[in-house]
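Below is one structure, written out as structure tokens, with a few remarks after it.
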Ligand code: GAF
């Protein structure tokens with residue numbers, strides 16, 4: 605990629621005031637738990653979005669998506685969701701800043717922004733969250749808004765809800781902003797407390813296998829899962845009003861209140877809730893494995909997560925299942941599962957370094973012959989979160 609500051613200069617003919625880099629994320633374990641008051645264990649990666657920004661004086665926002673070769677000019681007044689989705693990731697954040705920080709006057713003159721990135725889109729690596737975080741971080745610096753990283757993450761999440769239309773949890777924005785080199789972050793989504801853990805993989809490394817499937821229904825299904833979980837909780841609360849969130853919910857209560865319903869909607873609600881309760885427990889056990897240095901046990905839990913996501917939560921797809929099933933019997937792959945929202949995107953795999961090349965080659969060949977589709981393979985490192993580019 606060319607330097608973002610030079611690209612900005614070439615486009616607008618003046619030097620930007622600042623430039624920001626914001627990473628995508630992986631998630632080791634804890635999927636679909638963030639919006640259910642559970643735990644997640646993400647990390648920021650070496651794939652990122654960069655933005656360069658400068659101030660205008662005419663009340664317009666000029667957006668340049670360099671990779672798409674698209675430009676948009678949006679009047680600052682009366683911001684509302686835009687038919688072009690990438691635009692929403694930016695103006696959604698601007699809207700949040702105006703609302704939450706009462707900073708309309710500061711921003712009202714408008715700004716110019718150039719965007720580029722190397723996060724494969726639709727791969728489940730959170731390119732949209734990275735863009736939102738890059739923009740809010742840049743605005744925070746440019747207008748001295750004094751926002752904390754957690755405030756920025758929460759505002760970016762709101763932008764995703766109300767402008768992009770996906771009722772996502774906090775994980776992606778949180779990870780992009782808070783990442784630290786070689787560390788995974790345990791986020792307690794009930795109280796937003798978080799702890800960094802070094803990820804010492806020694807003879808293993810993390811590899812992502814990308815199905816290159818982009819499921820068109822992913823955001824609709826995502827929102828449906830949220831509603832199903834909320835419905836399950838409400839049913840349990842009729843008998844156990846003290847259960848306020850999934851954190852207080854036990855597997856026994858799930859069985860007692862949800863398992864015996866016989867219509868198909870309720871059967872789905874039971875499956876969703878069972879998965880979430882099990883996954884919340886699994887993340888906590890996996891962190892114990894991590895701190896004990898028992899990566900074999902950790903990896904086994906990743907396979908269990910995949911099983912739950914595929915059969916109970918039903919957010920996998922044949923291609924993701926194929927990739928996980930193919931590596932499962934291989935003793936040099938200690939853990940694998942689908943990652944992110946689902947219905948396509950990547951699997952995350954922990955593979956013995958010495959076998960990496962051979963396994964990758966074999967997987968690419970098998971995937972091509974099964975689906976007539978090339979497998980994209982990403983070797984990732986864990987890097988720092990959103991920061992200014994010098
Ligand atoms: C997507 C969402 F954006 C996250 O909040 C999270 O729920 C994830 O899917 C599933 O764990 O990435």
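In this note's numbering, the protein residues as written are 605 to 994. Built from N, CA and C at the ideal position, the CB exists for glycine as well.
So, with DSSP's three-state summary, where would you put residue i?
| i | result |
| --- | --- |
| residue 837 | helix |
| residue 804 | coil |
| residue 651 | strand |
| residue 707 | coil |
| residue 761 | helix |
| residue 967 | helix |
| residue 629 | strand |
| residue 640 | helix |
| residue 980 | strand |
| residue 714 | strand |
| residue 794 | coil |
| residue 667 | strand |
| residue 824 | helix |
| residue 660 | coil |
| residue 686 | coil |
| residue 924 | helix |
| residue 773 | coil |
| residue 947 | coil |
| residue 815 | coil |
| residue 750 | coil |
Between residue i and chain D, is the shortest Cβ-Cβ distance under 9 Å, so that the two count as touching?
| i | result |
| --- | --- |
| residue 800 | In the structure shown, chain D cannot be found, because there is only a single protein chain. |
For residue i, does the count of other Cβ atoms within 10 angstroms reach 16, so buried, or fall short, so exposed?
| i | result |
| --- | --- |
| residue 976 | exposed |
| residue 871 | exposed |
| residue 709 | exposed |
| residue 729 | buried |
| residue 625 | buried |
| residue 795 | exposed |
| residue 671 | exposed |
| residue 677 | exposed |
| residue 681 | exposed |
| residue 761 | buried |
| residue 843 | exposed |
| residue 627 | buried |
| residue 914 | buried |
| residue 785 | exposed |
| residue 836 | buried |
| residue 764 | buried |
Under the assumption that residue i contacts residue j (Cβ atoms under 8 Å), give the Cβ distance between them as a whole number of angstroms.
| i | j | result |
| --- | --- | --- |
| residue 953 | residue 962 | That belief does not hold up - the Cβ atoms of residue 953 and residue 962 are roughly 13 Å apart, past 8 Å. |
| residue 861 | residue 881 | Wrong, their Cβ atoms sit about 12 Å apart, outside the cutoff. |
| residue 936 | residue 911 | Incorrect: roughly 20 Å between the Cβ atoms, too far for contact. |
| residue 646 | residue 660 | With a Cβ gap of about 35 Å, residue 646 and residue 660 do not count as contacting. |
| residue 800 | residue 791 | Rounded, the Cβ-Cβ distance is 10 Å, inconsistent with contact. |
| residue 737 | residue 643 | Not really, about 21 Å apart at Cβ, beyond 8 Å. |
Give a yes or no on whether the C-beta atoms belonging to residue i and residue j are separated by under 9 Å.
| i | j | result |
| --- | --- | --- |
| residue 811 | residue 917 | no |
| residue 858 | residue 833 | no |
| residue 662 | residue 714 | yes |
| residue 899 | residue 927 | no |
| residue 699 | residue 766 | yes |
| residue 648 | residue 986 | yes |
| residue 884 | residue 634 | yes |
| residue 694 | residue 719 | yes |
| residue 691 | residue 739 | no |
| residue 948 | residue 815 | yes |
| residue 608 | residue 666 | no |
| residue 991 | residue 612 | no |
| residue 758 | residue 711 | no |
| residue 683 | residue 902 | no |
| residue 946 | residue 826 | yes |
Does the stretch 619 to 629 come within contact of the stretch 702 to 710, defined as at least 3 CB pairs closer than 8 Å?
-> no
Would you be able to state if there are at least three C-beta pairs under 8 Å between the stretch 767 to 775 and the stretch 625 to 640?
-> yes
Any chance the stretch 889 to 896 sits against the stretch 911 to 930, with 3 or more Cβ pairs inside 8 Å?
-> no
Is the stretch 775 to 782 close to the stretch 723 to 734, with three or more CB pairs under 8 Å?
-> yes
Using 8 Å as the threshold, is the stretch 645 to 660 in touch with the stretch 849 to 863, meaning 3 or more CB pairs across them?
-> no
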